[in-house]
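Numbering (our numbering), first residue to last: 1 to 387. Each residue gets a CB set at the ideal place from its N, CA and C atoms; glycine is no exception.
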């Protein structure tokens, strides 16, 4: 296999565990928060990998671990064939020039004491790029033009811009060193809906122009489908499904992915009324004490006690199923019963049935589709309304 055909980024068995410390005089480690727990993925050059999941599933921590903004506990991060975890000092600094990040909060990621010119010229000076003062000034103006901002913005400070403009500045800073990989952590979640499409379109234009490779971390399923070539779904620190974007959205195979897709509203009222709706009971378990076996079994409508409770599923490719395509795309899923669920052999239980096993009951109330959750725990009398 040639170097060009090798994935630009390969993650193998990545783990990020944060110790839980207790003690007054001496800190004792009493446990670990398993933020990322054994993730494998690969991103080809020039493509976009979308990573989705609930808040707290570990997707942002995974992105930071790739750049070593947090230190991995175990596993390997291979960037262009080099193990990033083995680097330190100057070699790591040079490698980071090729890997940049766009952060979720554009205001929090920009120094409020620096104007735009200083923000964009600083990385060029730090890495000795730009060819002197005149060359750096020219490069800074080129960066502003690339993200659609006027040169008049050079003397202004971050607080003087709108959220969308600040995110454009963050993108300009990220591409200033001409990286190969750009990790975008919730790049549009902090923006108004009216400007989200503009930023997404900008990212696509820059990818085509500069040949960038993206790892896009998001919870907006519509944004991920629009921009991604491959989509991975994370749950409680692990990857539960991975497939080409269209294949995953057309036929989600993991119960958790199916639940996520069923929560996306459909503009057609007839389809919305008749389509499958999967309601998950309970909350995301604690990553400090994850369930045994399949981590989703405590909320899964298709749970089978014979394997789900005590046997950890592996991420595997399903046997060919009912597909009209002559060459069905490679689809990986981490579920013991994925084939039976896909083929309709196993039927899902209702949210009430699943919740009852966890000491919680869920019932629909009102025409607005709101749900009440009653805790079946002694001493809790008032229902908790969730919308």
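Counting C-beta pairs with one atom in each stretch, the region 248-266 and the region 77-93 have fewer than three that are closer than 8 Å, which means they do not touch.
In this structure the region 212-221 touches the region 39-49; the number of beta carbon pairs closer than 8 Å is three or more.
Counting the other CB atoms within 10 Å of its CB gives residue 265 a total below 16, which places it among the exposed residues. Under the three-state reduction of DSSP, residue 15 is assigned to strand. Unbroken beta strand (DSSP E) stretches of 3 residues or longer found wholly inside the region 31-93: 48-52 and 74-79, given in chain order.
Per DSSP, residue 242 lies in no alpha helix (DSSP H) segment; the continuous beta strand (DSSP E) that holds it begins and ends at 238-244.
Considering only 17, 41, 66 and 150, the residue with the shortest C-alpha distance to residue 6 is 41. When C-beta atoms of the region 177-184 are compared with those of the region 193-213, three or more pairs fall below 8 Å, so the two segments count as touching.
Pairing residue 112 with residue 62, the inter-Cα distance amounts to about 27 Å.
Remark: C-beta atoms of residue 102 and residue 174 approach each other more closely than 8 Å.
Per DSSP, residue 213 is not a residue of any alpha helix (DSSP H); the beta strand (DSSP E) it occupies stretches across 213-217. Around the Cβ of residue 241, a 10 Å sphere holds 16 or more other Cβ atoms; the residue is buried. In the structure shown, the three-state DSSP call for residue 229 is coil. Rounded to the nearest whole angstrom, the C-alpha separation of residue 55 and residue 219 is 8 Å. The alpha carbon of residue 191 has as its nearest neighbour, out of 13, 92, 237 and 104, the alpha carbon of 104.
With fewer than 16 neighbouring CB atoms inside 10 Å of its own CB, residue 142 falls in the exposed class.
CA-CA distance, residue 296 to residue 306, rounds to 15 Å. Per the DSSP secondary-structure output, residue 101 pairs in a beta bridge with 183.
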